[in-house]
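Notes follow the structure.
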Amino acid sequence: MKKYRRKKKYILSKSLLILALLFALKTFLAGGTDPMPLRGVSGELTVDFLDVGQGSCALITLDGHAMLYDCGPDDKGTYIQYYLQKQGISRLDYVIGSHPDADHIGGMDVVLTKFECDTVLMPDLERDTAAYRDVKEALRYRGYRSIQPLAGTVYDFGDAQFVVLAPIQLYPEEPNNNSIVIRLKYGSNTFLFTGDAQTEEERDILESGAYLRSQVYLAGHHGSRNASSPEFLEAVHPEYAVISCGAQNDYGHPHEETLKRLQGTGAEVFRTDLQGNIRVVSDGEKLNWYSQ
Ligand SMILES: [Zn+2]
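In the working numbering, the protein residues as written are 1109 to 1400.
Rendered as structure tokens:
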């Protein structure tokens, strides 16, 4: 509102008054006390790592396109719905449930029910849980079918693309290791999302020979010690790592040794439990970070 107040003493003519009002409107639309910039600037890819407590949810937008990588736990579905609606989003190009654990697909039934979802990606793994049944029910209700993406498949997202790197093999006993792993590229900026992939799935990806180097790394399994193995981090070589976890969570995430490993790469570490919602904006060359 600063610009508006500065203008006030100059209100001598109608045109200046209109100008002042336009400034006020622009400031208001920019979110009032919200330090995050207005979404939707042409040619800018935005990733919001939402603070969904102990869970994970990333909203990615670019030129009117929107996608979700994970949908947080059950009690955050409505929060995610309002967050998206507040930003004028009614349609999602992709909804990815990295793996069928409640802290990743708990809010997915709300998302599927409230938004037009073009493509729903989930791994080929069923779970006998309320969260999984709710997602199945929402898919049925909407007439959607989830797709099990094959490693190596490339999907377009506006002028960006993401490639699916895993799962490469199924681990029926360990849902985390069936996580859909994607590497998103926009211009020269790169982002890696690994869900709750643990050391075994990380090894599969390394052995596949996939190119992993990524500037932004959503730390696997909420910064758990059984993810972000040294070999994997060496290949990713992130400049920034984001940890999505709940404050004082029962699992002790992020684990101290993982934090050290992440910091050891030289990456700057962001945490939703400490910083709330975290946003990174890419113009295809530079990355700018914001938190709320
Ligand atoms: Zn998880």
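Ideal placement from N, C-alpha and C gives every residue a C-beta, glycine not left out.
Whether residue i touches residue j by CB criterion (8 angstroms)
i	j	result
Tyr1263	Tyr1202	yes
Gly1392	Tyr1240	no
Asp1183	Gly1205	no
Arg1250	Thr1221	yes
Leu1247	Phe1223	no
Ser1336	Gly1328	yes
Val1289	Val1388	no
Phe1157	Leu1273	no
Ala1375	Glu1347	yes
Pro1283	Arg1235	yes
Glu1308	Pro1275	no
Ser1287	Asp1304	yes
Arg1311	Leu1341	no
Ser1164	Gly1180	yes
Leu1167	Asn1297	no
Leu1153	Ser1399	no
Which of helix, strand or coil DSSP assigns to residue i
i	result
Met1216	helix
Glu1393	coil
Leu1153	strand
Asp1304	coil
Val1160	coil
Thr1237	coil
Leu1341	helix
Arg1250	helix
Ala1174	strand
Ile1386	strand
Ala1318	coil
Ile1288	coil
Gly1139	At Gly1139 the pLDDT is 37, less than 50, meaning the model places this residue with poor confidence; the figure from the coordinates comes in the next sentence. Reduced to three states, the DSSP call for Gly1139 is coil.
Ile1313	helix
Leu1367	helix
Thr1373	coil
Ala1210	helix
Tyr1359	coil
Leu1258	coil
Ile1351	strand
Tyr1263	strand
Exposure label - residue i; buried when at least 16 CB within 10 Å
i	result
Lys1194	exposed
Gly1140	No answer about Gly1140 holds up, because its pLDDT of 36 lies below 50 and its placement is not dependable.
Arg1291	buried
Leu1130	Only weak support is given to the placement of Leu1130: the predicted model assigns it a pLDDT of 48, under 50, and the value that follows is read from those uncertain coordinates. Label assigned to Leu1130: exposed.
Asp1159	buried
Asn1209	Correcting the residue identity first, residue 1209 is Asp in this sequence and not Asn. Buried, because 16 or more other Cβ atoms sit within 10 Å of the Cβ of Asp1209.
Leu1278	exposed
Asn1285	buried
Gln1306	buried
Tyr1118	Since pLDDT at Tyr1118 reaches only 38, below the 50 mark, its modelled position is unreliable, and the value read off the structure follows with that caveat. With fewer than 16 Cβ atoms within 10 Å of its Cβ, Tyr1118 is classed as exposed.
Leu1258	exposed
Ala1268	buried
Pro1280	exposed
Check: residue i C-beta below 7 angstroms from any heavy atom of ligand 1
i	result
Asp1171	no
His1212	yes
Ser1336	no
Asp1304	yes
Gly1163	yes
Asp1209	yes
His1330	yes
Cβ-Cβ separation, residue j to residue i (assumed contact under 8 angstroms), whole Å
i	j	result
Phe1378	Val1350	5 angstroms
His1363	Gly1331	6 angstroms
Leu1170	His1207	Rounded, the Cβ-Cβ distance is 25 angstroms, inconsistent with contact.
Ile1213	Val1243	5 angstroms
Val1218	Gln1189	5 angstroms
Cys1353	Thr1373	With 8 angstroms as the limit, Cys1353 and Thr1373 do not qualify as a contact, their Cβ atoms being about 19 angstroms apart.
Phe1265	His1173	6 angstroms
Leu1300	Leu1320	7 angstroms
Asp1211	Gln1162	6 angstroms
Beta carbon proximity, residue i to chain B, threshold 8 angstroms
i	result
Pro1208	Among the chains of the structure shown, chain B does not appear; only one protein chain is present.
Near ligand 3: residue i beta-carbon under 7 angstroms from a heavy atom
i	result
His1361	Of the ligands this structure carries, namely ligand 1, none is ligand 3.
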